[in-house]
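A.B. asks:
In our numbering, the protein residues as written are 21 to 507.
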């Protein structure tokens with residue numbers, strides 16, 4: 021039986037657009053697309069389409085608009101907030117076939133790509149000319165540029181170089197009514213309202229991006245990386261505060277605690293020291309600048325209690341250190357059958373306080389919590405370990421994650437740094453924003469999508485619609501259980 025609205029006539033029109041091989045509606049085929057990286061949340065789409073061009077995407081969206089069928093755009097499915105969770109009575113538009121690098125303009129430091137291009141492939145294509153693309157999420161080996169744009173992804177080097185929004189200068193996108201628009205362009209500071217900045221980080225709720233123009237950077241003359249072990253996360257946090265107080269803005273400052281160190285060691289063997297915490301600090305720039313600042317960083321690490329200091333002697337050693345950090349999420353599968361990733365932000369000065377509360381919560385809940393995060397900008401990624409086979413543990417992990425978000429808000433931070441709100445944290449938006457704030461945000465969304473067809477049910481607490489969408493809405497488990505009210 022076909023979902024509401026996705027009937028045989030509608031499917032026949034979609035098949036004309038993409039071809040028989042690229043429309044999926046067999047129940048077994050749809051299983052692949054039930055969730056993104058947050059596997060605990062899942063919903064079977066009405067059908068899956070794999071368009072081969074921007075023109076295909078435009079025609080699909082026009083059909084959805086005409087027939088009032090909800091649609092969700094999906095990249096490579098690495099998101100961690102349920103942002104690409106399908107609508108059970110809608111169309112899932114998978115953009116993985118739009119994977120071409122369209123133009124490399126070294127003279128103007130620009131690369132134009134389709135949304136299915138893998139993040140790391142942008143750097144690979146310009147590295148021979150001495151350039152690179154700065155945003156580097158941990159999933160950069162597999163995540164797509166389109167998904168990065170949707171979530172405004174950051175990565176380890178966001179402290180110095182910013183997030184995706186700082187590196188996207190133009191997009192081509194299909195609006196929810198099927199109109200194709202071009203926002204921004206190769207030049208900086210396009211005239212008029214900065215609609216582009218509103219689109220980046222809108223989590224796929226305003227449009228479907230079909231082309232992106234990115235800013236690339238000249239590779240630095242000198243890069244130096246240090247790995248420092250500490251007897252506590254407090255000591256490591258003190259070192260981070262001293263870096264910033266000294267006026268040093270490292271390219272990256274990452275922290276891992278004992279549990280995540282052990283997981284990474286088991287998975288990729290980066291040869292990290294056994295410690296309660298490690299800091300990975302990277303400086304880049306001119307040789308004289310980096311070498312001078314590196315001496316200060318090393319001295320601070322020793323003064324604040326660094327027990328072991330390892331300095332990467334070459335690119336291979338630097339790559340080994342970063343391999344351990346970037347494997348941390350996936351490596352948690354080595355120490356727990358399931359884990360739930362959260363993503364909150366706190367002021368750096370509150371690091372010790374919030375980590376202390378998380379440690380107390382770990383003991384109280386009985387669930388192990390690993391901590392790996394971008395220490396430089398206070399972006400926490402607690403990894404809550406649980407076993408889905410034990411009744412109630414999955415719900416408990418969600419409740420623990422919700423409590424950590426509350427800690428972040430109380431510390432003056434945010435419920436998300438780079439993973440987005442999606443479905444996972446929509447129930448908690450009212451904890452951070454007033455009704456007036458949410459209504460103002462919703463007005464912007466309704467200006468783009470008055471029928472509420474584009475990735476409906478995401479970001480805002482439900483029900484909060486511009487128009488009435490056919491079919492049922494999937495309520496977040498935390499809302500059903502009343503956990504949001506008990507935070």
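Every residue, glycine too, gets a C-beta built ideally from N, C-alpha and C.
Pull the bridge partners of residue 273 from the DSSP assignment, please.
C.D. replies: 301
A.B. asks: Applying the criterion that 16 or more other CB atoms from any shown protein chain within 10 Å of the CB defines a buried residue, is residue 149 buried or exposed?
C.D. replies: Label assigned to residue 149: exposed.
A.B. asks: Check this for me: beta carbons of residue 53 and residue 65, under 8 Å apart or not?
C.D. replies: A contact, by the Cβ cut-off of 8 Å.
A.B. asks: For a test of the three-state rule: what should DSSP assign to residue 164, helix, strand or coil?
C.D. replies: strand
A.B. asks: If you count every other CB in all the chains shown that lies within 10 Å of the CB of residue 40, and 16 or more means buried, which is it?
C.D. replies: exposed
A.B. asks: Quick one: what does DSSP say residue 458 is sitting in, helix, strand or coil?
C.D. replies: Under the three-state reduction of DSSP output, residue 458 falls in the helix class.
A.B. asks: Judging by CA-CA distance, which residue of 320, 83 and 479 is the nearest neighbour of residue 14?
C.D. replies: The question about residue 14 has no answer here: the residues shown for the chain are numbered 21 through 507.
A.B. asks: I'd like the list of long-range same chain contacts for residue 301, defined as Cβ closer than 6 Å, with 5 residues on each side in sequence excluded.
C.D. replies: Cβ within range, chain order: 246, 270, 273 and 317.
A.B. asks: Between the C-alpha atoms of residue 132 and residue 106, what's the straight-line distance to the nearest angstrom?
C.D. replies: 28 Å
A.B. asks: If you run the structure through DSSP and keep just helix, strand and coil, what is residue 502?
C.D. replies: Unreliable positioning characterises residue 502 in this predicted model, as indicated by a pLDDT of 39, which lies under 50. The coordinate reading is nonetheless provided below. Residue state, collapsed to three classes: coil.
A.B. asks: In angstroms with no decimal places, state the Cα-to-Cα distance between residue 114 and residue 120.
C.D. replies: Taking the straight line from one Cα to the other gives about 15 Å.
A.B. asks: Which residue marks the beginning of the alpha helix (DSSP H) containing residue 406, and which one marks its end?
C.D. replies: Not the alpha helix (DSSP H): residue 406 falls in the beta strand (DSSP E), residues 399-406.
A.B. asks: Is DSSP giving residue 496 helix, strand or coil here?
C.D. replies: Residue confidence is low: residue 496 scores 40 on pLDDT, short of 50, so the model does not pin down where it sits. No coordinate-derived value is stated.
A.B. asks: Is it true that the CB of residue 101 sits closer than 8 Å to the CB of residue 58?
C.D. replies: yes
A.B. asks: For residue 30, which residues from the same chain have a beta carbon less than 6 Å from its beta carbon, with the 5 sequence-adjacent residues on both sides left out?
C.D. replies: 87
A.B. asks: My guess is that residue 277 and residue 358 are in contact by the Cβ rule of under 8 Å, so how many angstroms apart are they, rounded?
C.D. replies: About 19 Å separates the two Cβ atoms, so there is no contact after all.
A.B. asks: What residues are listed by DSSP as bridge partners for residue 105?
C.D. replies: Looking at the DSSP assignment, residue 105 forms no beta bridge with any residue, so it has no partner.
A.B. asks: Taking the beta carbon of residue 399 as the centre, do at least 16 other beta carbons fall within 10 Å, making it buried, or is it exposed?
C.D. replies: buried
A.B. asks: Which whole-angstrom value is the C-beta distance of residue 475 and residue 95, which I expect to be below 8 Å?
C.D. replies: Going by Cβ atoms, the distance from residue 475 to residue 95 rounds to 12 Å, so no, they are not a contact pair.
A.B. asks: Would you be able to state if there are at least three C-beta pairs under 8 Å between the segment 393-413 and the segment 341-359?
C.D. replies: yes
A.B. asks: Nearest-angstrom Cα distance between residue 162 and residue 343?
C.D. replies: 14 Å
A.B. asks: Using only alpha-carbon positions, find the residue among 110, 112 and 145 that is nearest to residue 124.
C.D. replies: 145
A.B. asks: Beta-carbon within less than 6 Å of residue 190's beta-carbon, same chain only, minus the 5 sequence neighbours each way: which residues are those?
C.D. replies: Correct list, in chain order: 204, 205 and 233.
A.B. asks: Between which two residues does the beta strand (DSSP E) harbouring residue 317 extend?
C.D. replies: Careful: residue 317 lies outside any beta strand (DSSP E), inside the alpha helix (DSSP H) at 307-323.
A.B. asks: Output the residue ranges of the alpha helix (DSSP H) runs that lie fully inside the segment 216-283 and measure 4 residues or longer, sorted by chain position.
C.D. replies: 253-265
A.B. asks: If you drop the 5 nearest sequence neighbours on each side, which residues of the same chain put their C-beta closer than 7 Å to that of residue 50?
C.D. replies: 44, 64, 65 and 68
A.B. asks: Are residue 165 and residue 194 touching if we call contact CB-CB under 8 Å?
C.D. replies: no
A.B. asks: Check residue 128 in the structure and name its three-state DSSP category.
C.D. replies: coil
A.B. asks: How about residue 230 and residue 192: are their beta carbons less than 8 Å apart?
C.D. replies: yes
A.B. asks: From which residue to which residue does the beta strand (DSSP E) around residue 30 run?
C.D. replies: Unbroken run through residue 30 is the alpha helix (DSSP H), 28-38; no beta strand (DSSP E).
A.B. asks: To the nearest angstrom, how far is the alpha carbon of residue 451 from that of residue 28?
C.D. replies: 43 Å
A.B. asks: Are the CB atoms of residue 338 and residue 287 nearer to each other than 8 Å?
C.D. replies: no
A.B. asks: Excluding five sequence neighbours on each side, which residues of the same chain lie with their C-beta closer than 6 Å to the C-beta of residue 314?
C.D. replies: Leaving aside the five residues that flank residue 314 on each side, the residues in its chain whose CB is nearer than 6 Å to its CB run, in chain order, 244 and 303.
A.B. asks: I'd like the list of long-range same chain contacts for residue 122, defined as Cβ closer than 8 Å, with 5 residues on each side in sequence excluded.
C.D. replies: 132, 133, 134 and 231
A.B. asks: So for residue 479, helix, strand or coil by DSSP?
C.D. replies: coil
A.B. asks: Do you know how far the Cα of residue 289 is from the Cα of residue 311?
C.D. replies: 28 Å
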